[in-house]
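In what follows, a single structure is set out as structure tokens and then discussed.
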Amino acid sequence: AGSAAAGGAAAAGSAPAGGDMNAYVQELLDIHDKYQDLVKECFGQNAIFQKAMKEAFEMFVNKDIHKMTTAEMLSNFCDNLLKKSGERLDDQQLDDKLEKVVKLFSYLTDKDIFAEFYKKQLAKRLLLARSASDDAERSMIAKLKLKCGAQFTSKLEGMVTDMNLSSDIQTSFVEWMEEKEVKLDTDLTVQVLTTGFWPTYKSDELNLPQEMVQCVEAFKQFYDGRTSHRRLRWVHSLGSAQVLSTFLPGGKEKKHDLMVSTYQACILLLFNSQTKYTCDDIQKALNLPTDELKRYMLSLSVGKYKILLKEPASKEVDGSDTFSVNLEFTDRARRIKVPMLTAKVTQEEKETTRQTVDEDRKHAIEAAIVRIMKTRKSLDHQKLVLEASQQLMRHFKPDPKQIKKRIEDLIAREYLERDTSKSNVYKYLA
Numbered sequence: 127a128g129s130a131a132a133g134g135a136a137a138a139g140s141a142p143a144g145g146d147m148n149a150y151v152q153e154l155l156d157i158h159d160k161y162q163d164l165v166k167e168c169f170g171q172n173a174i175f176q177k178a179m180k181e182a183f184e185m186f187v188n189k190d191i192h193k194m195t196t197a198e199m200l201s202n203f204c205d206n207l208l209k210k211s212g213e214r215l216d217d218q219q220l221d222d223k224l225e226k227v228v229k230l231f232s233y234l235t236d237k238d239i240f241a242e243f244y245k246k247q248l249a250k251r252l253l254l255a256r257s258a259s260d261d262a263e264r265s266m267i268a269k270l271k272l273k274c275g276a277q278f279t280s281k282l283e284g285m286v287t288d289m290n291l292s293s294d295i296q297t298s299f300v301e302w303m304e305e306k307e308v309k310l311d312t313d314l315t316v317q318v319l320t321t322g323f324w325p326t327y328k329s330d331e332l333n334l335p336q337e338m339v340q341c342v343e344a345f346k347q348f349y350d351g352r353t354s355h356r357r358l359r360w361v362h363s364l365g366s367a368q369v370l371s372t373f374l375p376g377g378k379e380k381k382h383d384l385m386v387s388t389y390q391a392c393i394l395l396l397f398n399s400q401t402k403y404t405c406d407d408i409q410k411a412l413n414l415p416t417d418e419l420k421r422y423m424l425s426l427s428v429g430k431y432k433i434l435l436k437e438p439a440s441k442e443v444d445g446s447d448t449f450s451v452n453l454e455f456t457d458r459a460r461r462i463k464v465p466m467l468t469a470k471v472t473q474e475e476k477e478t479t480r481q482t483v484d485e486d487r488k489h490a491i492e493a494a495i496v497r498i499m500k501t502r503k504s505l506d507h508q509k510l511v512l513e514a515s516q517q518l519m520r521h522f523k524p525d526p527k528q529i530k531k532r533i534e535d536l537i538a539r540e541y542l543e544r545d546t547s548k549s550n551v552y553k554y555l556a
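Take any residue in the sequence shown, count from 1 to its spot, add 126: that is its number in the numbering used here.
In structure tokens:
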């Protein structure tokens with residue numbers, strides 16, 4: 127076991143600072159294979175050696191590397207395996223590797239942190255059509271369910287189911303348009319997501335161009351006819367569009383299909399009505415937050431594909447900067463993917479992930495305390511903390527101080543009360 131721990135420390139030592147953490151995770155998987163074989167072949171799966179190996183792995187798997195938790199690294203590793211642009215493996219190799227990841231995952235004390243990162247990355251894979259295989263996604267979720275129970279994976283399963291239901295809704299929408307003889311100038315595909323399953327996304331008050339308003343109103347009319355108890359809230363930040371465009375390089379007409387985000391599409395469509403805008407004009411027309419708008423303006427004028435011309439041609443955007451269509455734009459490819467929504471989890475998302483986990487933990491601790499007290503009716507502080515910890519250990523290692531805080535909160539909200547004769551004993555209030 128000392129050797130296994132040393133092996134882990136060696137892997138930790140070789141993890142590149144800010145570099146490819148996937149290589150580090152692969153090294154951890156290899157070390158686990160090595161010692162698993164050792165315990166099996168040389169020690170006949172002896173229980174003492176199995177326990178020693180488990181303790182050794184738990185020790186170093188729960189250490190952070192370069193301010194990054196192993197939970198986050200494992201989620202990133204899975205993302206790389208499961209997305210189209212990731213590692214190329216056949217079905218069997220992929221399944222074997224995911225199986226190994228789940229074995230490492232079982233040593234994590236903060237399984238809920240992994241779950242939150244995994245959920246955000248799964249959402250991006252599904253919504254941006256970056257998932258390599260629906261079967262592989264379901265297989266991984268099934269492995270996690272086997273390890274942690276149905277509650278742990280219910281939201282992940284809900285997300286995958288939502289995507290399948292969305293494709294059925296889309297088919298019905300097309301049939302409805304044919305039946306009602308609704309003709310849209312733009313093809314529209316809508317993904318309907320259940321709020322409770324997905325990460326929280328900010329809504330915005332985006333002023334959609336007329337071409338899109340027509341689409342949104344048609345879908346709303348169709349959806350309201352299907353169900354009266356579900357309300358649609360549009361999340362434009364996750365949308366994408368294909369904009370058909372015509373340029374004039376060297377005076378010759380050239381057509382391109384621009385694959386852009388909904389925000390980028392809204393900006394480009396403005397140029398159908400006039401040739402020049404300032405950044406402030408676009409902000410007023412679309413009602414987009416200024417910082418976000420500046421980022422999108424840069425992606426269209428300074429990035430790899432200069433669809434718009436910016437004056438002055440700097441890498442900073444000011445409200446008075448002017449933008450016009452770059453009619454001389456040309457590229458060998460007809461279809462051009464203009465860089466848009468980042469597929470990686472940003473620093474801001476990391477922080478919100480941590481906040482979400484902390485908030486979820488509060489609710490989980492309170493639910494465990496209430497469950498125990500409902501059954502026991504009366505219990506002293508030590509026993510309650512111990513029982514609550516045991517119940518929660520499957521998903522995370524609770525801090526006793528945190529449990530004490532939640533007990534105080536439940537007393538204040540009159541779910542529990544202190545025994546008048548013994549202050550360290552709590553009673554359940556029905």
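Ideal placement from N, C-alpha and C gives every residue a C-beta, glycine not left out.
Cβ-Cβ distance between residue i and residue j below 9 Å
{"i": "lysine 436", "j": "phenylalanine 455", "result": "no"}
{"i": "glutamate 331", "j": "asparagine 206", "result": "no"}
{"i": "methionine 147", "j": "methionine 199", "result": "yes"}
{"i": "leucine 282", "j": "alanine 255", "result": "no"}
{"i": "proline 335", "j": "lysine 245", "result": "no"}
{"i": "methionine 338", "j": "threonine 372", "result": "no"}
{"i": "valine 308", "j": "serine 292", "result": "no"}
{"i": "leucine 319", "j": "aspartate 288", "result": "yes"}
{"i": "lysine 476", "j": "aspartate 506", "result": "no"}
{"i": "alanine 367", "j": "methionine 385", "result": "yes"}
{"i": "tyrosine 233", "j": "phenylalanine 183", "result": "yes"}
{"i": "lysine 223", "j": "leucine 164", "result": "no"}
{"i": "alanine 494", "j": "leucine 512", "result": "no"}
{"i": "aspartate 261", "j": "aspartate 217", "result": "yes"}
{"i": "leucine 364", "j": "tyrosine 327", "result": "yes"}
{"i": "serine 427", "j": "leucine 419", "result": "no"}
{"i": "histidine 158", "j": "lysine 273", "result": "no"}
{"i": "asparagine 452", "j": "lysine 432", "result": "yes"}
{"i": "glutamate 263", "j": "leucine 248", "result": "yes"}
{"i": "isoleucine 537", "j": "tyrosine 552", "result": "yes"}
{"i": "serine 257", "j": "lysine 189", "result": "no"}
Residue of the options minimising C-alpha distance to residue i
{"i": "lysine 500", "options": "Pro375, Leu555, Arg539 and Gln517", "result": "Leu555"}
{"i": "glutamate 534", "options": "Gly284, Leu510 and His521", "result": "Leu510"}
{"i": "threonine 404", "options": "Ile433, Pro438, Gly429 and Glu492", "result": "Pro438"}
{"i": "leucine 424", "options": "Gly445, Lys527 and Ser292", "result": "Gly445"}
{"i": "histidine 521", "options": "Ile239, Thr321 and Gln400", "result": "Ile239"}
{"i": "isoleucine 295", "options": "Lys346, Ile537, Val361 and Lys229", "result": "Lys346"}
{"i": "glutamate 225", "options": "Asp545, Val187 and Leu270", "result": "Leu270"}
{"i": "glycine 275", "options": "Lys237, Asp260 and Asp190", "result": "Lys237"}
{"i": "arginine 480", "options": "Phe243, Gly365 and Leu395", "result": "Phe243"}
{"i": "aspartate 417", "options": "Asp457, Arg251, Phe231 and Glu442", "result": "Glu442"}
{"i": "tryptophan 360", "options": "Ser329, Arg502 and His382", "result": "Ser329"}
{"i": "glutamate 379", "options": "Asp457, Tyr541, Ser354 and Pro465", "result": "Asp457"}
{"i": "valine 483", "options": "Phe278, Met185, Gln176 and Tyr161", "result": "Phe278"}
Reduced DSSP category for residue i - H, G, I as helix; E, B as strand; rest coil
{"i": "methionine 519", "result": "coil"}
{"i": "leucine 434", "result": "strand"}
{"i": "aspartate 506", "result": "strand"}
{"i": "phenylalanine 373", "result": "strand"}
{"i": "lysine 380", "result": "strand"}
{"i": "cysteine 168", "result": "coil"}
{"i": "proline 415", "result": "coil"}
{"i": "glycine 351", "result": "helix"}
{"i": "tyrosine 422", "result": "helix"}
{"i": "lysine 531", "result": "helix"}
{"i": "glutamate 304", "result": "helix"}
{"i": "lysine 226", "result": "helix"}
{"i": "arginine 480", "result": "helix"}
{"i": "tyrosine 150", "result": "helix"}
{"i": "isoleucine 537", "result": "helix"}
{"i": "lysine 470", "result": "In this predicted model, lysine 470 has a pLDDT of only 48, less than 50, meaning its place in the structure is not dependable enough to derive any value."}
Where residue i falls, given that 16 or more other Cβ within 10 Å makes a residue buried
{"i": "asparagine 202", "result": "buried"}
{"i": "cysteine 168", "result": "exposed"}
{"i": "glutamine 487", "result": "Before going on, a small fix: residue 487 reads as arginine here, not glutamine. Buried, since its Cβ has 16 or more Cβ neighbours within 10 Å."}
{"i": "isoleucine 174", "result": "exposed"}
{"i": "alanine 490", "result": "buried"}
{"i": "proline 526", "result": "exposed"}
{"i": "glutamine 390", "result": "buried"}
{"i": "glutamine 400", "result": "exposed"}
{"i": "alanine 178", "result": "buried"}
{"i": "histidine 192", "result": "exposed"}
{"i": "arginine 460", "result": "exposed"}
{"i": "threonine 195", "result": "buried"}
Residue i - partner residues in DSSP beta bridges
{"i": "methionine 385", "result": "Gln368 and Lys463"}
{"i": "glutamate 543", "result": "Lys553"}
{"i": "tyrosine 403", "result": "Phe449"}
{"i": "isoleucine 191", "result": "Met194"}
{"i": "serine 257", "result": "Lys209"}
{"i": "lysine 410", "result": "For lysine 410, which the question treats as bridged, DSSP gives no partner whatsoever."}
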